[in-house]
(Lines of atoms letter the chains of each structure in order from A and count residues from 1; the text may use other names and numbers.)
(Lines give C-alpha, C1' and ligand atoms only; values in the text may rest on other atoms or scores of the structure.)
Protein backbone atom coordinates (compact mmCIF):
# COMPACT_ATOMS: atom_id res chain seq x y z
CA UNK A 1 0.00 0.00 0.00
CA UNK A 2 1.41 3.31 -0.93
CA UNK A 3 1.00 6.49 1.07
CA UNK A 4 1.07 8.85 -1.83
CA UNK A 5 -2.07 10.70 -2.83
CA UNK A 6 -3.94 8.76 -5.37
CA UNK A 7 -6.84 10.07 -7.45
CA UNK A 8 -9.22 7.80 -5.55
CA UNK A 9 -8.07 9.12 -2.15
CA UNK A 10 -8.32 12.70 -3.34
CA UNK A 11 -11.84 12.03 -4.60
CA UNK A 12 -12.89 10.38 -1.33
CA UNK A 13 -11.43 13.26 0.70
CA UNK A 14 -13.29 15.86 -1.35
CA UNK A 15 -16.50 13.80 -1.19
CA UNK A 16 -16.14 13.54 2.60
CA UNK A 17 -15.73 17.30 2.93
CA UNK A 18 -18.68 17.87 0.64
CA UNK A 19 -21.03 15.63 2.65
CA UNK A 20 -19.79 16.65 6.09
CA UNK A 21 -21.84 19.41 7.73
CA UNK A 22 -19.76 22.43 8.70
CA UNK A 23 -19.50 23.63 12.28
CA UNK A 24 -22.17 26.20 13.24
CA UNK A 25 -19.52 28.89 13.72
CA UNK A 26 -18.10 28.08 10.34
CA UNK A 27 -21.49 28.23 8.68
CA UNK A 28 -22.07 31.93 9.26
CA UNK A 29 -18.85 33.85 9.51
CA UNK A 30 -18.77 37.21 11.26
CA UNK A 31 -18.73 39.23 8.07
CA UNK A 32 -21.96 37.58 6.77
CA UNK A 33 -24.11 37.36 9.89
CA UNK A 34 -24.81 40.89 11.04
CA UNK A 35 -26.84 41.22 14.22
CA UNK A 36 -30.20 42.83 13.60
CA UNK A 37 -31.54 45.67 15.72
CA UNK A 38 -33.95 44.66 18.47
CA UNK A 39 -37.43 46.12 18.18
CA UNK A 40 -38.01 47.08 21.81
CA UNK A 41 -41.38 48.67 21.04
CA UNK A 42 -42.76 45.37 19.76
CA UNK A 43 -41.72 43.51 22.90
CA UNK A 44 -42.99 46.31 25.16
CA UNK A 45 -46.41 46.15 23.49
CA UNK A 46 -46.49 42.38 23.90
CA UNK A 47 -45.51 42.69 27.55
CA UNK A 48 -48.20 45.25 28.41
CA UNK A 49 -50.85 43.39 26.42
CA UNK A 50 -50.06 40.20 28.32
CA UNK A 51 -49.79 41.96 31.68
CA UNK A 52 -53.19 43.57 31.14
CA UNK A 53 -54.68 40.05 31.35
CA UNK A 54 -52.35 38.33 33.80
CA UNK A 55 -52.56 40.94 36.56
CA UNK A 56 -56.37 41.09 36.88
CA UNK A 57 -56.86 37.36 36.40
CA UNK A 58 -54.05 36.50 38.82
CA UNK A 59 -55.29 38.93 41.44
CA UNK A 60 -58.82 37.55 41.11
CA UNK A 61 -57.65 33.95 41.40
CA UNK A 62 -55.34 34.56 44.33
CA UNK A 63 -57.25 37.38 46.00
CA UNK A 64 -60.82 36.12 46.10
CA UNK A 65 -60.52 34.83 49.69
CA UNK A 66 -59.45 38.27 50.88
CA UNK A 67 -62.26 39.95 48.94
CA UNK A 68 -64.75 37.49 50.44
CA UNK A 69 -63.44 38.14 53.96
CA UNK A 70 -63.70 41.89 53.54
CA UNK A 71 -67.19 41.77 52.03
CA UNK A 72 -68.65 39.34 54.59
CA UNK A 73 -68.46 40.30 58.24
CA UNK A 74 -67.07 37.08 59.64
CA UNK A 75 -66.59 38.40 63.16
CA UNK A 76 -70.30 38.09 63.94
CA UNK A 77 -70.53 41.66 65.24
CA UNK A 78 -73.85 42.11 63.47
CA UNK A 79 -75.36 39.39 65.68
CA UNK A 80 -74.32 41.23 68.83
CA UNK A 81 -75.73 44.51 67.53
CA UNK A 82 -79.03 42.86 66.64
CA UNK A 83 -79.11 41.20 70.05
CA UNK A 84 -78.51 44.51 71.79
CA UNK A 85 -81.33 46.10 69.78
CA UNK A 86 -83.65 43.27 70.79
CA UNK A 87 -82.73 43.64 74.46
CA UNK A 88 -83.34 47.40 74.35
CA UNK A 89 -86.71 46.79 72.75
CA UNK A 90 -87.57 44.28 75.47
CA UNK A 91 -86.62 46.69 78.22
CA UNK A 92 -88.87 49.30 76.68
CA UNK A 93 -91.58 46.64 76.26
CA UNK A 94 -91.70 47.33 72.54
CA UNK A 95 -90.64 43.86 71.42
CA UNK A 96 -93.19 41.39 70.22
CA UNK A 97 -94.07 38.42 72.37
CA UNK A 98 -92.50 36.07 69.83
CA UNK A 99 -89.17 37.88 70.09
CA UNK A 100 -89.32 37.77 73.89
CA UNK A 101 -90.04 34.04 73.84
CA UNK A 102 -87.11 33.40 71.54
CA UNK A 103 -84.79 35.37 73.77
CA UNK A 104 -85.98 33.59 76.89
CA UNK A 105 -85.65 30.20 75.24
CA UNK A 106 -82.12 30.98 74.20
CA UNK A 107 -81.31 31.83 77.78
CA UNK A 108 -79.32 34.91 76.97
CA UNK A 109 -81.61 37.51 78.44
CA UNK A 110 -79.64 37.46 81.69
CA UNK A 111 -76.51 38.70 79.95
CA UNK A 112 -78.11 41.97 78.90
CA UNK A 113 -80.48 42.75 81.75
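Residue numbers (this note's numbering): 1003 to 1115.
Glycine is no exception: its CB is placed at the ideal position from the N, C-alpha and C atoms.
If the five residues before and after residue 1010 are omitted, its C-beta is found closer than 8 Å to no C-beta atom of its own chain. Here residue 1039 carries a coil assignment [DSSP, helix/strand/coil]. Between the alpha carbons of residue 1073 and residue 1046 lies a gap of roughly 36 Å. Distance between residue 1054 and residue 1044, taken at the CA atoms: about 16 Å.
The alpha-carbon separation between residue 1090 and residue 1050 amounts to approximately 58 Å.
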